[in-house]
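Right, one structure below, let's go through it.
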Amino acid sequence: MKRALLCGVTYRDKTYSLKGTVNDVKRMKVLLMQRFGYRRDCIRILTETGSESDFSPTKKNIQESLKWLVEGSESGDSLVFYFSGHGLRQPDFNDDEKDGFDETICPVDFMQEGMILDNEINSTIVRPLKKGITLHAIVDACHSGTVLDLEYVYDLPKDIWIDNKPPSKADKSTSGGLAICLSACGDDEMASDTSAFTGKDMTGAMTFILIHVVENVPEITYGSLLDQMHEVIEQVNYKRCLTVPCLRILLGHRKIENPMLSSSQEFPVYSKKFLL
4 MKRALLCGVT YRDKTYSLKG TVNDVKRMKV LLMQRFGYRR DCIRILTETG SESDFSPTKK
64 NIQESLKWLV EGSESGDSLV FYFSGHGLRQ PDFNDDEKDG FDETICPVDF MQEGMILDNE
124 INSTIVRPLK KGITLHAIVD ACHSGTVLDL EYVYDLPKDI WIDNKPPSKA DKSTSGGLAI
184 CLSACGDDEM ASDTSAFTGK DMTGAMTFIL IHVVENVPEI TYGSLLDQMH EVIEQVNYKR
244 CLTVPCLRIL LGHRKIENPM LSSSQEFPVY SKKFLL
């Protein structure tokens, strides 16, 4: 079985609204169906464009859909959680975070109902994963580096996995399955919503680059995917530095950050194929 949950939060009519999240979800749906063979009826989409309230990305709907994603999954199943929207962080009071902050995702009603913390995401979709089940999370949001609280973070320049287990010794592992997360940026960094790649439509920078690379390189490994994404980002940032005054970049045109890879297990990134 292949099952996916795609969330794109626009925060319509708010001062903090985003313009590219629905485009991101549409692109991700096409990738899953055309490249990886996901069936339309096995993909649940939460955006603000639907007419039925059940498909709005509210806190309740996201929480229930996260449970739906892993419910009844068995060995051999592949699951995908995709989120495009705002991410924030808040002080950690459980000694679960090395940097002292919990990472969060923001539902459309987060100002009223609150954010969804990394602890909850971990307990809902990481801890239940049984042996033989693979979960991929792709999170295009600010402060998303360790938003699944996975136990290992990959350091690309050093080509090593770094231990990310909580100081409290809390168990953040799976129940034998594999969880892998690709995040738009580090826990202390900001993601970009941009039209730099399309010239018109807004899109999450990480989402657009990820899909572009995967669509154009057959049987790519995780290491090569990261390398090529970083190369594209470096070229775009360099080009923008040449064409846009630095003050504007600092104030209103953020540079695109490099994506991060984290996992519940260490694995050889340059030999393991990227398969959703």
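Per this note's numbering, residue 4 is the first one in the sequence shown, and the count goes up by one each step. Here a beta-carbon is modelled for each residue, glycine too, at the ideal position from N, C-alpha and C. Source: prediction; values computed, not measured.
*With 16 other Cβ atoms within 10 Å as the buried cut-off, status of V25*: Within the sequence shown, the letter at position 22 stands for residue 25. Result: buried.
_DSSP three-state label for T246, please._
Counting from one through the sequence shown, the residue named residue 246 turns up at place 243. Annotation note: pLDDT 46 at T246 (below 50); position unreliable, coordinate value reported separately. Note: T246 maps to helix in three-state DSSP.
*Straight-line CA distance for M4 to G79?*
Along the sequence shown, one-based indexing puts residue 4 at 1. Along the sequence shown, one-based indexing puts residue 79 at 76. Using only the alpha carbons, I get a separation of about 7 Å.
_Tell me which residues share the same chain as L69 and place their Cβ nearer than 6 Å to its Cβ, disregarding the 5 neighbours each side in the sequence._
For the purposes of this step, residue 69 is taken as the residue at position 66 of the sequence shown. The residues are T127 and I128.
_the ligand FAD heavy atom lying under 7 Å from the CB of Y85_ = With respect to the ligand FAD, the structure shown offers nothing to examine, as it has no ligands at all.
*C-alpha gap between K172 and D99, whole angstroms*: By one-based count along the sequence shown, residue 172 stands at place 169. By one-based count along the sequence shown, residue 99 stands at place 96. Looking at the two C-alpha atoms, the distance is approximately 8 Å.
*Whole-angstrom Cβ separation of R267 and S176, contact assumed at under 8 Å?*
Numbered from its first residue, the sequence shown carries residue 267 at position 264. Numbered from its first residue, the sequence shown carries residue 176 at position 173. For clarity, residue 267 is Ser in the given sequence; the question names Arg instead. Yes, S267 and S176 are in contact; Cβ-Cβ is about 6 Å, under 8 Å.
*Which listed residue (V33, G90, G179 and Q238) has its alpha carbon closest to that of D190*: In the sequence shown, counting from the first residue as 1, residue 190 sits at position 187. Taking only the C-alpha atoms, the option nearest D190 is G90.
_Own chain, CB closer than 6 Å to S147, minus 5 neighbours either side, in chain order_ = One-based indexing of the sequence shown puts residue 147 at position 144. Result list for S147: G90, S186 and A187, in chain order.
*Span separating the alpha-carbon of N167 from that of V156*: Numbered from its first residue, the sequence shown carries residue 167 at position 164. Numbered from its first residue, the sequence shown carries residue 156 at position 153. Spanning the two alpha carbons is a distance of roughly 6 Å.
_Suppose the cutoff is 8 Å on Cβ atoms and the five residues either side in sequence are ignored; what does the same chain contact list for K134 look like?_
Within the sequence shown, residue 134 is the residue found at index 131, counting from 1. These residues qualify, in order along the chain: S78, S178, G179 and G180.
_Beta-carbon spacing of V83, L159 below 8 Å_ = For the purposes of this step, residue 83 is identified with residue 80 of the sequence shown, where counting begins at 1. For the purposes of this step, residue 159 is identified with residue 156 of the sequence shown, where counting begins at 1. Cβ atoms of V83 and L159: not closer than 8 Å.
*Give the single residue among H215, L132, K101 and I124 whose Cα lies nearest to the Cα of P169.*
What you label residue 169 is simply residue 166 of the sequence shown in a count that begins at 1. Checking every option, the nearest Cα to that of P169 belongs to K101.
*Separation of I136 from L279, as counted between CA atoms*: As a working mapping, residue 279 is identified with position 276 in the sequence shown. As a working mapping, residue 136 is identified with position 133 in the sequence shown. One C-alpha to the other measures close to 11 Å.
*Between R38 and the rest of its own chain, which residues show a CB-CB distance below 7 Å, the 5 nearest in sequence each way excluded?*
Here the question's residue 38 lines up with position 35 in the sequence shown. Within the same chain, R38 has close Cβ partners V217 and E218.
*Quickly, what does DSSP pair D102 with across the bridge? List them, please.*
As a working note, residue 102 is residue 99 in the sequence shown. When beta bridges are read from the DSSP output, D102 appears opposite no residue.
*asked:* Need the endpoints of the beta strand (DSSP E) that A144 sits in, please.
replied: Here residue 144 refers to the residue found at position 141 when the sequence shown is read from its first residue. Where A144 is concerned, there is no enclosing beta strand (DSSP E), given that its DSSP letter is neither H nor E.
*Alpha carbon to alpha carbon, what distance is there between Q93 and F104?*
As a position in the sequence shown, residue 104 is number 101, starting the count at 1. As a position in the sequence shown, residue 93 is number 90, starting the count at 1. So the two alpha carbons sit approximately 5 Å from each other.
*Applying the criterion that 16 or more other CB atoms from any shown protein chain within 10 Å of the CB defines a buried residue, is T107 buried or exposed?*
The residue given as residue 107 occupies position 104 in the sequence shown. Flag for T107 reads buried.
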